[in-house]
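Here is the structure we will look at.
Residue numbers (my numbering): -8 to 226.
Next comes the structure, spelled out in C-alpha cells:
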C-alpha cells in the first residue's frame, strides 16, 4: 500500500515484484522480515538493494497487532484496532514521502470501521457505535473548521484522517478522542519547532498526518489513564 497506492497502482495485482527489475517474487522471497534477512536486503534476481523500509514496516505492523491482542481482551475492539493502527503507520509513511493522505485508503477504512463498529456493538462488544459517531463528528468537523480558517496550515487529507481517528477511538470512549486530538496538536507543534530549528522556512510544508497518527496510537493504548490524570491535575 505504501509503495503502490501513491503511484496509482492496485494493491492486489500484479503479485509482489522487485521495484528495480520487475521480477515477480517467489513465495520464499516474500516472507515478512525473514526473507529480507535471508536475502541480505537484496533482490534474488538482480541483486538490487531492497529498502530497509520494507522489513521495518513489517516489524512495526506486527508489533502493533501483537500489542493490541495483548492489551485488549475484547475481541471486537481488537479486530477494529489492529488494522486501524497498521493503516495509520502506512498513511504516515505515505504522508512523509508524498505530502498526501490517499482517499483510496481513508474512505474504505471509514466505511469498514463504521460497519464493524455497528456489528460489534450489536453483538455485545464493549465498543459503542453512538460514541463512535460523536467522535467522528467532533474530531473531523473540528479539524474541518481549522482547515477552512487556515487552508495553508491544514489539508483536507488531515481532516479525513481526523474523522477516521475520531470514529475508531470514539468507539472506545470520547476521552480517547480528546487525548488523540490533544497529543496530535502537541506533537505537531513540537515537530514544527524542530523543523524551524533545523532550518525549515515558515512556508515549508510539514506533513501533519504522522502527528495525528502518533497521537491516535498513544491514545489507543493509554487514552483513559491520560485523560484521568489530566482531569485530576486540573481539578
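We put the beta carbon where it would ideally sit given N, CA and C, even for glycine. It should be emphasised that the depicted structure is a prediction, and the values quoted were computed from it without experimental measurement.
I need the DSSP call for residue i, collapsed to helix, strand or coil.
i          : result
residue 4  : coil
residue 33 : strand
residue 40 : strand
Give me the Cβ distance between residue i and residue j, rounded to the nearest whole Å; I'm assuming they're in contact under 8 Å.
i           : j           : result
residue 59  : residue 76  : 7 Å
residue 89  : residue -3  : 5 Å
residue 80  : residue 55  : 7 Å
residue 156 : residue 171 : 6 Å
residue 67  : residue 118 : 6 Å
residue 96  : residue 82  : 6 Å
Could you confirm whether any beta carbon from chain C is found closer than 8 Å to the beta carbon of residue i?
i           : result
residue 111 : Although the question refers to chain C, the structure presented lacks it and comprises just one protein chain.
Taking only heavy atoms of the ligand COA into account, decide whether any of them is closer than 7 Å to the Cβ of residue i.
i          : result
residue 32 : Ligands in the displayed structure: none, and consequently the ligand COA is not present.
Handout entry: the region 36 to 44 / the region -1 to 17 touching (three or more Cβ pairs under 8 Å)
Key = yes
Handout entry: Minimum length 4: unbroken alpha helix (DSSP H) runs contained in the region 42 to 94
Key = 44 to 62 and 66 to 89
Practice task
Inspect the CB distances between the region 154 to 165 and the region 194 to 201 and report whether three or more fall short of 8 Å.
Solution key: no
Exercise for the section: Output the residue ranges of the alpha helix (DSSP H) runs that lie fully inside the region 111 to 186 and measure 4 residues or longer, sorted by chain position. Expected result: 120 to 140 and 147 to 161
Exercise for the section: Answer yes if the region 185 to 193 comes into contact with the region 164 to 175, meaning at least three C-beta pairs across the two stretches below 8 Å, and no otherwise. Expected result: no
Handout entry: Touch test, the region 53 to 71 against the region 101 to 121, Cβ-Cβ under 8 Å, three pairs minimum
Key = yes
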